[in-house]
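One structure is given below, encoded as structure tokens.
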Amino acid sequence: MLRSCDLASLPHDLRRHLLLGFTGRPHLHASAGVALRHSHRPGDDASVMAADMLLAAWGENPFDGYCVSALAGSAEKLPPSPAELLPVMRAVLLHWRPEITPEARTAMGGAPEEQLAFLRKRLAETPDSLFWWHHLYEFSRITGDWGVLASALTRSAPPDELVPLFVYARANALLASGDAVAAAAMYIQCLDVLPLPVIEERLASAWFRSGSEDRARALLAKCAADRPWNVSLRLRLRDLKLGGPSRTTMPEGRIMVLAYSWNKADDLAATLDSLYESDLGESVAVRVLDNGSTDHTPEVLARFADRFGRERVETIVLPVNAGAPAARNWLMNLPEVCEAEYAAYIDDDIFLPRDWLGRLGEAAKRYPDAVVWGCKVVDHSGPARVQCGEHNLTPDAEERKETLMSTLMLQDGDFGQADYIRPCASVTGCVHLFRAERLLAGGGFDLRFSPTQYDDLERDLRMVLGGGYAVYTGHLAIPHKRRSGGMSEAGRPESANASANLYKLMAKYSPAEFEAMAAHMDRVLFEDLEPGKAAE
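Sequence positions in the sequence shown follow the UniProt record's numbering and run 1 to 536.
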């Protein structure tokens, strides 16, 4: 096993993949393919990395026969897998029986409750089929309802060779559901009989979440030493040395909190309640733009102003809905915003943790030259499901034509793998903090992306093309009521609008400009991880 990894000396395409992070089956499989293209024999550095990537992909998708097939299919190019894994791999392939039938397609394309009913039916009829266990695992990951999986696994009776895999999957479900103590005990059971490297990572996360910080730090340090090419582990370990999740710093100077809303009075009321309860200090003022609402939004805003203080709250009322970009632009050009030190945009359907501003302030303190600071956004009803986080461009230029931004953080549940602070190309506009002067200097949000979707991403990419960068903190998770990604409601008007706006974004910049953005972020991410070094 390699005990060091000089990122600077790696081939450019492999380094680019590694710098983005070490999670998500599609990303890990693509990264393994790149590594194997640079491998000359089993056991060389590139093949060792590729083997670890394929094992990590399986570890994140324990019942996925395609992951095991990818590992087995590359066996001649890789160093030998641990002997303890071989009977498990054989059992997975034996019990992987895909059923891609019209009935299955129809059921799995339906509403979540229809999907779950169909999965339960198939598992009752074929309890040893890992194909359906994988789909139930995916259902829990995508919906954020890990209790469904934990309950089913408790009642399962798998073949002996698969017992460790089922124990491990249940540990994941428990950790995602908040029972870190029980999850840790199950991970420990798996260490010797199922030596997937990701299990030690998950055990470290379980110990962190259950208060066993010393053990967690030591194990995470071991993981990072054993797998030095794993950038995510290096970032987590570095962040712990710098204070980790315990550090908060309030931004200095006048801070304007900016929000806009249209006909979401009840959601807005809950959001403003959480804003009122958070740690803000006396230097924070609030501006809310009522974007032509016809519900009881005015009453909600009046109550909030009475509670927060009318000298610190003002409302702008538009007669019609001008759309998100126009609302953002209106707010950023208010005289009091132009004179402030910071401006923070917040959505109208979120819950703000008490220390939200201090956590963004800590990111700003750590990276004062960034243009914008953002966070992790999770499902309100299932916080182990990440909606948004750090966003970088898809590494391969051809793949970028289909998927512009990498989706690493959406490819697995939140098991702590991105609990760090570092630069990125874009952060979500759900909650993000700007230095007011940099916000104004960067220009407004593009009105072509009305009524909403991708106006914040376009502005961030414009910033990257100009030589700037964003910063993400994984120590702030914002519950968000509106679902996005895999559980957004395709076919609704807002989904069609999002697709149209993505088309506009892809047409606004040339492939050469997108590659220039990616190359700039290569340098930013590398210099952040290896300060003072130059990549070859």
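Glycine included, each C-beta is placed from N, C-alpha and C at the ideal position.
Which residues DSSP lists as bridging residue i, in chain order
i: Asn291; result: Leu318
i: Pro479; result: Val378
i: His432; result: Tyr345
i: Ser261; result: Asp290
i: Met256; result: Ala285, Ala343
i: Leu393; result: Met405
i: Phe388; result: For clarity, residue 388 is Cys in the given sequence; the question names Phe instead. In the DSSP output, where bridge partners are listed per residue, Cys388 has Val377.
i: Tyr503; result: Note: Tyr503 sits in no beta bridge, so no partner.
i: Tyr472; result: Gly374, Arg422
i: Ile350; result: His480
Collapsed DSSP secondary structure at residue i in the structure displayed
i: Gly243; result: coil
i: His135; result: helix
i: Leu461; result: helix
i: Pro325; result: helix
i: Cys424; result: strand
i: Cys5; result: coil
i: Gly486; result: At Gly486, the pLDDT of 41 sits below 50, so the modelled position is not reliable and the matter cannot be decided from this model.
i: Gly491; result: Bear in mind that a pLDDT of 43 at Gly491, under 50, signals an unreliable position, so the number given afterwards is only what the model happens to contain. Gly491 falls in the coil class under three-state DSSP.
i: His17; result: helix
i: Gln453; result: coil
i: Val313; result: strand
i: Ile199; result: helix
i: Asn333; result: coil
i: Val193; result: coil
i: Gln411; result: coil
i: Arg41; result: coil
i: Gln115; result: helix
i: Met250; result: coil
i: Phe514; result: helix
i: His12; result: helix
i: Asn497; result: helix
i: Asp266; result: helix
Interface flag, residue i vs chain D, CB-CB below 8 Å
i: Met332; result: No chain D appears in this structure, which consists of one protein chain only.
Test item: CB-CB of residue i and residue j under 8 Å
i: Pro451; j: Pro383; result: no
i: Pro79; j: Ala51; result: yes
i: Asp362; j: Arg247; result: Going by the sequence as given, residue 362 is Glu instead of Asp. For Glu362 and Arg247, yes; Cβs fall inside 8 Å.
i: Thr271; j: Asp349; result: yes
i: Ala185; j: Ala204; result: no
i: Leu357; j: Ser278; result: yes
i: Arg328; j: Tyr342; result: no
i: Thr394; j: Met405; result: yes
i: Val288; j: Ala259; result: yes
i: Ala183; j: Pro62; result: no
i: Pro82; j: Pro195; result: yes
i: Gly281; j: Met332; result: no
i: Pro325; j: Phe445; result: yes
i: Leu233; j: Arg227; result: yes
i: Leu334; j: Asn291; result: no
i: Ala322; j: Tyr469; result: no
i: Val372; j: Val337; result: no
i: residue 542; j: Ala425; result: For residue 542 there is no data in the structure shown, the boundaries of the chain being 1 and 536.
i: Met517; j: Leu461; result: yes
i: Ala150; j: Ser177; result: yes
i: Arg141; j: Ala180; result: no
i: Gln115; j: Phe131; result: no
i: Leu14; j: Ala57; result: no
Buried or exposed (CB count within 10 angstroms, at least 16 for buried), residue i
i: Val377; result: buried
i: Leu19; result: buried
i: Arg155; result: exposed
i: Arg105; result: exposed
i: Val386; result: buried
i: Leu93; result: exposed
i: Thr403; result: exposed
i: Ala490; result: For Ala490, the predicted model reports a pLDDT of 42, less than 50, meaning its position is unreliable; a value from the coordinates is still stated below. Classification for Ala490: exposed.
i: Ile421; result: buried
i: Lys121; result: exposed
i: His40; result: exposed
i: Ala124; result: exposed
i: Val320; result: exposed
i: Glu201; result: buried
i: Ile100; result: exposed
i: Gly43; result: exposed
Distance cut-off 7 Å: residue i Cβ against heavy atoms of the ligand ZN
i: Leu165; result: Judged by which ligands are present, the structure shown has none, so any question about the ligand ZN falls away.
Residue ranges of each alpha helix (DSSP H) within the stretch 155-183, 4 or longer: Within the stretch 155-183, the complete alpha helix (DSSP H) runs of at least 4 residues are 163-177.
Completely contained alpha helix (DSSP H) runs for the stretch 204-233, where each covers 4 or more residues: With a minimum length of 4 residues, the unbroken runs of alpha helix (DSSP H) contained wholly in the stretch 204-233 fall at 213-226.
Contained alpha helix (DSSP H) runs [length at least 4] in the stretch 68-104, N- to C-terminal order: Within the stretch 68-104, the alpha helix (DSSP H) runs of at least 4 residues that lie entirely inside it are, in chain order, 86-94.
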